[in-house]
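> Residue numbers (this note's numbering): 31 to 675.
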Amino acid sequence: MIKISFPDGKVREYESGTNSLTIAESISSGLAREIIAATVSGEVYDLTRAITADSSIKFHKWDDEEGKHAFWHTSAHVMAEALEFFYPGIKLGIGPTIENGFYYDVDLPEGESISENDFGKIEQKILEIARGKHEVVRREVSKSEALDIYTKKGDQYKIELINELEDGTITFYSQNNFTDLCRGPHLPDTGFIKAVKLLSIAGAYWRGNEKNKQLTRIYGISFPKQKLLEEYLVLLEEAKKRDHRKIGKELELFAFSSKVGMGLPLWLPKGAQLRERLENFLKKVQVEHGYLPVMCPHIGQKELYVTSGHYEKYGKDSFQPIQTPAEGEEFLLKPMNCPHHCEIYNTKPRSYRDLPLRLAEFGTVYRYEQHGELHGLTRVRGFTQDDAHIFCRPDQLLDEFKKVIDIVLYIFKTLDFSDFVTQVSLRDPNDKQKYIGSDENWEKAESAIMEAAAEKGLKTVVEIGEAAFYGPKLDFMVKDALGRKWQLGTIQVDYNLPERFELEYKGSDNEMHRPVMIHRAPFGSMERFVAVLIEHTAGKFPLWLTPEQAVIIPVSEKFNDYAKKVLNLLNNYDIRSFIDDRNEKVGRKIRDNELKKIPYLLVVGEKESENNSLSVRKQGESDLGEMTIQEFADKIKFEVENLLA
RNA sequence: GCCGAUGUAGCUCAGUUGGUCAGAGCAGCUGAUUUGUAAUCAGCAGGUCGGGGGUUCGACUCCCUCCAUCGGCUCCA
Numbered sequence: 031m032i033k034i035s036f037p038d039g040k041v042r043e044y045e046s047g048t049n050s051l052t053i054a055e056s057i058s059s060g061l062a063r064e065i066i067a068a069t070v071s072g073e074v075y076d077l078t079r080a081i082t083a084d085s086s087i088k089f090h091k092w093d094d095e096e097g098k099h100a101f102w103h104t105s106a107h108v109m110a111e112a113l114e115f116f117y118p119g120i121k122l123g124i125g126p127t128i129e130n131g132f133y134y135d136v137d138l139p140e141g142e143s144i145s146e147n148d149f150g151k152i153e154q155k156i157l158e159i160a161r162g163k164h165e166v167v168r169r170e171v172s173k174s175e176a177l178d179i180y181t182k183k184g185d186q187y188k189i190e191l192i193n194e195l196e197d198g199t200i201t202f203y204s205q206n207n208f209t210d211l212c213r214g215p216h217l218p219d220t221g222f223i224k225a226v227k228l229l230s231i232a233g234a235y236w237r238g239n240e241k242n243k244q245l246t247r248i249y250g251i252s253f254p255k256q257k258l259l260e261e262y263l264v265l266l267e268e269a270k271k272r273d274h275r276k277i278g279k280e281l282e283l284f285a286f287s288s289k290v291g292m293g294l295p296l297w298l299p300k301g302a303q304l305r306e307r308l309e310n311f312l313k314k315v316q317v318e319h320g321y322l323p324v325m326c327p328h329i330g331q332k333e334l335y336v337t338s339g340h341y342e343k344y345g346k347d348s349f350q351p352i353q354t355p356a357e358g359e360e361f362l363l364k365p366m367n368c369p370h371h372c373e374i375y376n377t378k379p380r381s382y383r384d385l386p387l388r389l390a391e392f393g394t395v396y397r398y399e400q401h402g403e404l405h406g407l408t409r410v411r412g413f414t415q416d417d418a419h420i421f422c423r424p425d426q427l428l429d430e431f432k433k434v435i436d437i438v439l440y441i442f443k444t445l446d447f448s449d450f451v452t453q454v455s456l457r458d459p460n461d462k463q464k465y466i467g468s469d470e471n472w473e474k475a476e477s478a479i480m481e482a483a484a485e486k487g488l489k490t491v492v493e494i495g496e497a498a499f500y501g502p503k504l505d506f507m508v509k510d511a512l513g514r515k516w517q518l519g520t521i522q523v524d525y526n527l528p529e530r531f532e533l534e535y536k537g538s539d540n541e542m543h544r545p546v547m548i549h550r551a552p553f554g555s556m557e558r559f560v561a562v563l564i565e566h567t568a569g570k571f572p573l574w575l576t577p578e579q580a581v582i583i584p585v586s587e588k589f590n591d592y593a594k595k596v597l598n599l600l601n602n603y604d605i606r607s608f609i610d611d612r613n614e615k616v617g618r619k620i621r622d623n624e625l626k627k628i629p630y631l632l633v634v635g636e637k638e639s640e641n642n643s644l645s646v647r648k649q650g651e652s653d654l655g656e657m658t659i660q661e662f663a664d665k666i667k668f669e670v671e672n673l674l675a
């Protein structure tokens with residue numbers, strides 16, 4: 031007999047070799063029907079996997095991550111079986127679950143290809159296999175047996191994977207006519223899968239390496255109920271409506287022109303206003319935090335980037351140098367602001383008393399991004415960083431780092447970004463030649479970041495090997511409408527550039543010392559930040575930011591003069607408004623301006639012109655009733671101040 | 001750059017197997033209407049069907065190629 035302990039602390043005894051499903055049945059048949067996996071002593075088990083030792087147990091239903099994971103993992107296997115049916119000789123790469131669904135990377139037989147037109151028949155086959163309620167069987171196999179099987183099959187991908195596994199840990203899962211190398215866990219049988227949708231098809235390099243063969247990746251998602259699939263598809267549609275590219279076009283915020291060049295955004299008047307307001311907001315915060323604005327040109331001598339190391343690292347993959355016609359001197363489009371800022375530091379001798387020196391610039395930079403990677407405003411070839419470089423003494427590093435975190439958090443809070451994660455990117459200690467700088471400096475920088483993040487209570491994910499080549503960093507990531515993660519704010523420690531630009535200051539000991547540099551950009555880039563802001567708000571920007579705060583709607587032409595008077599008064603109160611004096615009915619003007627997401631709609635007619643008042647309607651809400659112009663102005667002022675507090 | 005898809009009027013889209021199929025709604029313009037909280041009515045104008053090449057008696061429709069866009073992959077100072 032073995033002892034099984036439950037999350038509520040109760041302990042029960044079972045026969046050794048029992049499984050989670052039997053245990054669940056002993057509690058209630060309802061529970062047994064709903065669960066799809068279980069965590070047994072910390073490891074996620076298939077429901078039918080034998081338990082042979084005293085264990086803790088926690089059941090997983092569809093609602094939790096482990097449950098979905100098993101569900102989608104089995105779905106991936108069933109999809110693979112369907113693919114084997116339609117494409118005999120197909121070779122399988124990996125087929126993991128992802129946040130929403132699963133994919134499988136496959137190598138199609140010579141001459142075969144697959145397109146979205148084939149999805150229908152594959153989905154049907156998957157459901158057919160699912161309906162067969164085929165049991166999913168786990169089997170432990172020896173390494174040699176596993177290798178043998180895939181050698182016979184001629185599947186070099188699985189052989190490569192198996193070779194990296196240790197003997198004794200290799201398991202196969204089978205259902206119906208299909209067997210796959212897999213760690214599990216899986217559903218007890220395929221019958222759980224009631225709905226499936228293949229979503230897209232993509233090329234993916236084997237093991238993510240560009241030099242390897244490109245496999246075909248098929249993305250799909252599945253559900254235990256048809257209704258859940260339908261709900262998911264509705265959700266996807268809703269997300270598409272928030273897409274910043276769509277809203278950006280509708281609200282006339284930005285545009286692209288293939289004549290101007292791909293990945294080179296054009297800020298339209300309203301978008302430019304929005305961006306300018308964000309910039310002014312940050313400038314104000316930065317002045318309060320002791321930053322000094324600087325400005326630099328858009329090009330710099332190639333030598334500058336040779337000195338900084340950027341040319342060696344990125345030169346070949348960048349926009350190529352431009353040359354002066356007579357002398358043939360080479361200049362690069364500025365890909366980074368930091369080398370310029372280093373030279374600003376170097377314009378005069380610095381004392382320890384001058385530090386920290388915080389130089390800030392909204393600097394536009396140009397980087398060559400590959401054609402297929404461009405994406406709306408989030409991935410472009412020319413963008414403006416809300417950049418600043420803090421030159422400080424080593425003993426000031428931690429404190430300065432924490433102050434920067436404070437700025438980022440303040441900005442996120444003001445803009446209501448609560449759903450973000452922070453990532454600490456450290457170097458890969460096994461691949462040191464990828465990075466420049468001494469071990470000692472790297473260790474100092476990495477520990478400063480970890481300490482600052484911990485002290486500020488940030489929940490961080492640590493990524494080894496994701497550091498910039500010159501130093502570790504702390505990134506703030508948020509998700510867009512479709513769940514894709516984007517990096518916004520970034521804070522990076524750099525011992526390298528001060529070295530390369532020979533930055534120095536005279537210390538209190540009358541000796542020369544080298545400062546440390548922090549690169550930081552709370553927004554990241556204005557382009558990307560605005561993109562994420564659009565998706566976050568669905569275009570309903572906070573009142574203080576929005577380009578147009580109110581629209582004055584005269585009931586008829588007769589009241590255009592009163593509307594102009596209102597406009598002038600509101601202008602005096604710095605309320606951004608305009609008159610919709612089109613020859614249309616009120617209902618029409620309301621509708622159009624609601625769709626433009628104007629926060630306040632001000633209807634004026636006979637009653638209002640007599641009372642010196644407005645009938646106020648708030649966007650997305652109904653009529654707020656009549657108020658005087660003064661009352662409305664106070665209301666706006668109050669709201670803006672509250673939002674910015 | 002790679003894999004897959006898409007490209008018809010400013011926007012959203014329709015266009016049967018290649019043969020009056022170049023269309024609709026919205027936006028725009030003109031006129032009428034003078035309007036009270038999510039679409040007033042009528043008329044007009046708008047496109048070398050992404051560019052180029054080919055097949056054909058004939059191409060929006062089939063093929064090739066280039067460009068751009070979309071979903072991924074790789075990359076991201």
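Glycine residues also receive a C-beta, built at the ideal position from the N, C-alpha and C atoms.
1. In whole angstroms, give me the CA-to-CA distance for residue 269 and residue 153.
2. Would you mind listing the beta strand (DSSP E) stretches within the stretch 303-380 that are 3+ residues and don't spill past its ends, in chain order?
3. Grab the span of the alpha helix (DSSP H) containing residue 63 for me, first residue to last.
4. My output table needs one value for residue 100: the three-state DSSP class, helix, strand or coil.
5. Residue range of the alpha helix (DSSP H) that residue 176 falls in?
6. Any idea if residue 216 is buried or exposed, counting beta-carbon neighbours within 10 angstroms, 16 or more meaning buried?
7. Mark residue 674 as exposed unless 16 or more other C-beta atoms lie within 10 angstroms of its C-beta, in which case mark it buried.
8. Determine, using beta-carbon pairs with one atom in the stretch 507-521 and one in the stretch 450-467, whether at least three such pairs fall under 8 Å.
9. Just to confirm the assignment: which complete beta strand (DSSP E) runs, minimum length 3, are found wholly within the stretch 460-495?
10. Since residue 517 is in the beta strand (DSSP E), which residue starts that stretch and which ends it?
11. Does the Cβ of residue 549 have 16 or more other Cβ atoms within 10 Å, making it buried, or fewer, making it exposed?
12. Alpha carbon to alpha carbon, how far is residue 524 from residue 352? Give it in angstroms, no decimals.
13. According to DSSP, what are the bridge partners of residue 406?
14. Can you grab the Cα-Cα spacing for the pair residue 596 / residue 441, in whole Å?
15. Helix, strand or coil, according to DSSP, for residue 401 in the structure here?
16. Where do the N-terminal and C-terminal ends of the alpha helix (DSSP H) with residue 264 fall, by residue?
17. Three or more C-beta pairs under 8 Å: does that hold for the stretch 575-588 against the stretch 622-629?
18. Report the residue from 59, 85, 55 whose alpha carbon sits nearest the alpha carbon of residue 39.
19. Between which two residues does the alpha helix (DSSP H) containing residue 669 stretch?
20. Tell me whether the beta-carbon of residue 337 lies closer than 9 Å to the beta-carbon of residue 608.
21. In chain order, which continuous runs of the beta strand (DSSP E) of length 3 or greater are located wholly inside the stretch 520-570?
22. Taking 9 Å as the cut-off, decide whether the C-beta atoms of residue 98 and residue 69 are in contact.
23. Say whether the stretch 386-396 touches the stretch 362-375, bearing in mind that this needs 3 or more beta-carbon pairs closer than 8 Å, one atom from each stretch.
24. Could you check the C-alpha separation between residue 200 and residue 178 for me, to the nearest Å?
25. So what does residue 507 bridge to, in DSSP terms?
26. When you compare only the Cα positions, how much space is there between residue 155 and residue 340?
27. Quick one: grab the DSSP three-state call for residue 416.
28. Can you list, in chain order, the stretches of the alpha helix (DSSP H) that have 4 or more residues and sit fully within the stretch 207-253?
29. Taking all protein chains shown into account, do 16 or more other C-beta atoms lie within 10 angstroms of the C-beta of residue 264, making it buried, or fewer, making it exposed?
30. Distance check for residue 114 and residue 180, CA to CA, integer angstroms please.
31. Alpha carbon to alpha carbon, how far is residue 197 from residue 172?
32. Which class does residue 144 belong to by DSSP, given the choice of helix, strand or coil?
33. Within a Cβ cutoff of 6 Å, which residues of the same chain sit near residue 335, ignoring the five residues on either side of it in sequence?
34. Grouping DSSP H, G and I as helix and E and B as strand, with all else coil, what is residue 437?
35. Just to confirm my understanding: we take residue 325, look at its own chain, exclude 5 residues before and 5 after, and list those with CB closer than 7 Å. What are they?
36. To the nearest angstrom, how far is the alpha carbon of residue 600 from that of residue 615?
Looking at the atomic coordinates:
1. 24 Å
2. 329-331, 360-363
3. 59-64
4. helix
5. 173-183
6. buried
7. exposed
8. yes
9. 490-494
10. 515-524
11. buried
12. 28 Å
13. Answer by DSSP bridge pairing: none, since residue 406 is not bridged.
14. 33 Å
15. helix
16. 256-271
17. yes
18. 85
19. 659-674
20. no
21. 546-551
22. no
23. yes
24. 13 Å
25. 451, 517
26. 52 Å
27. strand
28. none
29. exposed
30. 15 Å
31. 6 Å
32. coil
33. 341, 362
34. helix
35. 391
36. 23 Å
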